[in-house]
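Below is one structure, written out as C-alpha cells, with a few remarks after it.
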Amino acid sequence: MNNEALNLNQLVRDMGPNELRAYAKLGQKQHDEANRELERRWRSYDDMLPKDDFVSFIDKK
66 MNNEALNLNQ
76 LVRDMGPNEL
86 RAYAKLGQKQ
96 HDEANRELER
106 RWRSYDDMLP
116 KDDFVSFIDK
126 K
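If you count the sequence shown from 1, you need to add 65 to reach the working numbering.
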C-alpha cells in the first residue's frame with residue numbers, strides 16, 4: 066500500500082478502507098477511531114445485513 070497516494074489528512078468518516086487501515090497504523094487513538102467509524106458504518110446497514118456481530122477488518126492480517 067502506497068501511503069503517498071492515501072489522504073490521511075481528511076476526516077475519518079470520509080476515508081476509504083485502505084486509508085482507514087493506514088490511519089489505524091498511526092497509533093492506538095487513530096486505531097480506535099477507525100474501528101469506531103467502521104462499526105458506525107456497519108450499524109448503518111442494520112436493516113440490510115444479517116444480524117452478525119461487527120468484526121473489524123483492520124485487525125486482520
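Ideal placement from N, C-alpha and C gives every residue a C-beta, glycine not left out.
All values derive from a computational prediction rather than experimental measurement.
| Asked | Found |
| --- | --- |
| Can you give me the C-alpha to C-alpha distance between Leu130 and Asp118, rounded to a whole angstrom? | Past the boundaries of the shown model lies residue 130; the chain is included only from 66 to 126, so the question cannot be answered. |
| Whole angstroms is fine: what's the gap from Asn68's alpha carbon to Ala87's? | With a pLDDT of 48 at Asn68, under the threshold of 50, the predicted position of this residue should be treated as unreliable, though the coordinate-derived value follows. Distance between the alpha carbons of Asn68 and Ala87: 7 Å. |
| Which stretch, first to last residue, makes up the alpha helix (DSSP H) that contains Asp111? | Per DSSP, Asp111 belongs to no alpha helix (DSSP H) and is neither H nor E. |
| Would DSSP call Asp79 helix, strand or coil? | helix |
| Nearest CA to the CA of Arg101: which residue from Asp111, Ala89 and Asp112? | Ala89 |
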